[in-house]
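In this note's numbering, the protein residues as written are 2 to 570. C-beta atoms are modelled at their ideal positions from N, C-alpha and C, and glycine is treated no differently. Small disclaimer: the values here were computed from a predicted structure and weren't measured.
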């Protein structure tokens, strides 16, 4: 698509701005100042230990490694926010991650715009492929966002600076590359493509200088480094690892029940990359090719380092989605800037439409996941304020240790967990009339408890379908209020999401906790009973179905020992 009018160009620029604005509005909505999962260890306890350490110990803590990662950038961010505010501030880390994502977009635009026939077209594609739901999961998790999106930003910045013809930029690039290598580990994979690029540019002295410094830094990185990876030998299961490499590249299109879509997308990116080398496209933009080569090495290393099982940890985690976004954006730059080489002079006209559709659909799909993460944080804050526990940690056996760190941080004034009263957690009841639900005959396993607090009825527990997790993805849990003597619900509400970390390795059971706070004034005065309902999406080709345990078949399947699927009050 080549805009010929100011209106067309302005429309494309507006599209880019709109994508970024919508994304940042979601960040503003859900980016609360509450830690989750590894935040407690990687951010909170790091700062506590750093403030108590002496000079040598401070340096050790900055460079300390865990599971193949040294996270210097993340620790610098924590110390920088502390220097400015004197506190731990998870909202600040989330917003800094958003700035890292914006920096990535601007760097990509800078590299592609100089060779682009339409700068507005390129800007629209880049912003639509970066500012969408795929990166929300990373961005809204403070430590993961800074570590992953931050390291990608540093890698792109290092490559840009080192390949610059200006000596000052090259020297700055050396410094940034050292930070990149020590900020997630995979940054060192940029060393081989950069050495090749410097050799092709006939910059021999810079090649030697960068090679000596970067290789030495990479070698030192592995001193006293321990790993929990279980990938086995590089020659084991080569077919599965190749599929996982492609799935990693196409992870923005990962669907658990249709992993071949991500594999096809990743393979397409690889084919365009290799065809560009064959046609000499790499000569037009060494920076883009250095970035893509680094990404493919990252994908291969991830596939090789994880268990030889298709999908899973090798492709599915949300923390990898920024890499999938980079694959798509860099590939789009190659194709749009070199249409003749790729035979896409006509096809490129629909690129903005495809990018827009991807942005909208992925954001709509991931919005609920972002909302769940927000709800998980709020509920963990409520649990902490009311009981001093229930932080919703990924590793429950560490809760006592990390909770002690949280108590210390609050005593020292470094952080204070927000207080959410029951009025904030209030879950409004809606009229059930006119809602159609389809009986589902596989039954549930559930646990439900109720208690009174002030004028509120608190309903909490968990519920999951007995159908194998591979066949479905649980979407929502509902609380039904059924009047005395009635068979159909009169009122319904969707409670707050709460993750069960006591069964974290079983997704079907982990993503099934809930907390509802109902105003007693909204309940039927003549009496009622409570039932749980689940809404789930079956594998492709099957309709969305709603399960309500009031159905006879469901009651029969659940039986007496499967949990309190029906509670009468």
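Query                                                                                                                                                                         : Result
Between residue 513 and the rest of its own chain, which residues show a CB-CB distance below 8 Å, the 5 nearest in sequence each way excluded?                               : 463, 464, 465, 475, 478, 501
Skipping 5 residues on each side, what residues in its chain have a beta carbon closer than 8 Å to that of residue 273?                                                       : 332, 335, 336, 343
State the start and end residues of the unbroken alpha helix (DSSP H) segment that holds residue 292.                                                                         : 287 to 306
Look at the Cβ atom of residue 32, then the Cβ atom of residue 92, and state whether they are nearer than 9 Å.                                                                : yes
On the premise that residue 151 lies in contact with residue 322, defined as a C-beta separation below 8 Å, what is that separation, rounded to the nearest angstrom?         : So it is not a contact: roughly 14 Å between Cβ atoms.
What residue range is occupied by the uninterrupted alpha helix (DSSP H) comprising residue 219?                                                                              : 205 to 222
Using DSSP with H/G/I as helix, E/B as strand and the rest coil, what is residue 132?                                                                                         : coil
Using only the alpha-carbon positions, how far apart do residue 243 and residue 252 sit?                                                                                      : 14 Å
Could you check what DSSP says for residue 252 in three-state terms: helix, strand or coil?                                                                                   : helix
Going by the CB atoms, is the gap between residue 143 and residue 83 shorter than 9 Å?                                                                                        : no
With DSSP as the reference, label residue 119 as helix, strand or coil.                                                                                                       : coil
Using 8 Å for Cβ pairs, my map puts residue 35 next to residue 371. What's the rounded Cβ distance?                                                                           : Between residue 371 and residue 35 the Cβ distance is about 14 Å, and since that is not below 8 Å, they are no contact.
Can you list, in chain order, the residues of its chain with a C-beta nearer than 6 Å to that of residue 24? Leave out the 5 residues immediately preceding and following it. : 132
Please state if the CB of residue 109 and the CB of residue 157 are separated by a distance shorter than 9 Å.                                                                 : yes
Assign residue 165 to one of three DSSP states: helix, strand, or coil.                                                                                                       : coil
What's the C-alpha gap between residue 366 and residue 135?                                                                                                                   : 9 Å
As a quick exercise: from 190, 246, 255, 496, pick the residue whose alpha carbon is nearest that of residue 449.                                                             : 496
Do three or more CB pairs link the stretch 350 to 366 to the stretch 122 to 129 at distances below 8 Å?                                                                       : yes
So for residue 654, helix, strand or coil by DSSP?                                                                                                                            : This structure does not reach residue 654, given that the chain is present from 2 up to 570, and the question cannot be answered.
Out of curiosity, what's the CA-to-CA distance linking residue 481 and residue 415?                                                                                           : 42 Å
Which two residues bound the contiguous beta strand (DSSP E) that contains residue 466?                                                                                       : 457 to 466
Say whether the stretch 67 to 78 touches the stretch 175 to 194, bearing in mind that this needs 3 or more beta-carbon pairs closer than 8 Å, one atom from each stretch.     : yes
Do the stretch 403 to 413 and the stretch 46 to 62 meet, that is, are 3 or more Cβ pairs less than 8 Å apart?                                                                 : yes
Looking at residue 320 and residue 148, is the spacing between their C-beta atoms short of 9 Å?                                                                               : yes
At which residues does the alpha helix (DSSP H) containing residue 277 begin and terminate?                                                                                   : 261 to 279
Can you give me the Cβ contacts of residue 40 inside the same chain, cut-off strictly under 6 Å, excluding the 5 residues immediately before and after it?                    : 143, 144
Mind checking residue 200: buried by the 16 CB within 10 Å criterion, or exposed?                                                                                             : exposed
In angstroms, rounded to a whole number, what distance separates the CA positions of residue 260 and residue 246?                                                             : 12 Å
Give a single yes or no on whether residue 413 has its beta carbon closer than 8 Å to a heavy atom of the ligand MG.                                                          : Looking at this structure, you won't find the ligand MG or any other ligand, since it has none at all.
So, is residue 378 buried or exposed, given that buried needs 16 or more other C-beta atoms within 10 angstroms?                                                              : buried
Measuring only the C-alpha atoms, how far is residue 248 from residue 299?                                                                                                    : 12 Å
Give me the Cα-Cα distance between residue 38 and residue 81, rounded to the nearest whole angstrom.                                                                          : 22 Å
For the beta strand (DSSP E) containing residue 517, name the first residue and the last one.                                                                                 : 514 to 520
Return the CA-CA distance between residue 160 and residue 63, expressed in angstroms with no decimal places.                                                                  : 24 Å
Which residues bound the beta strand (DSSP E) around residue 447?                                                                                                             : 445 to 454
Give me whichever residues DSSP pairs with residue 184 in a beta bridge.                                                                                                      : 72
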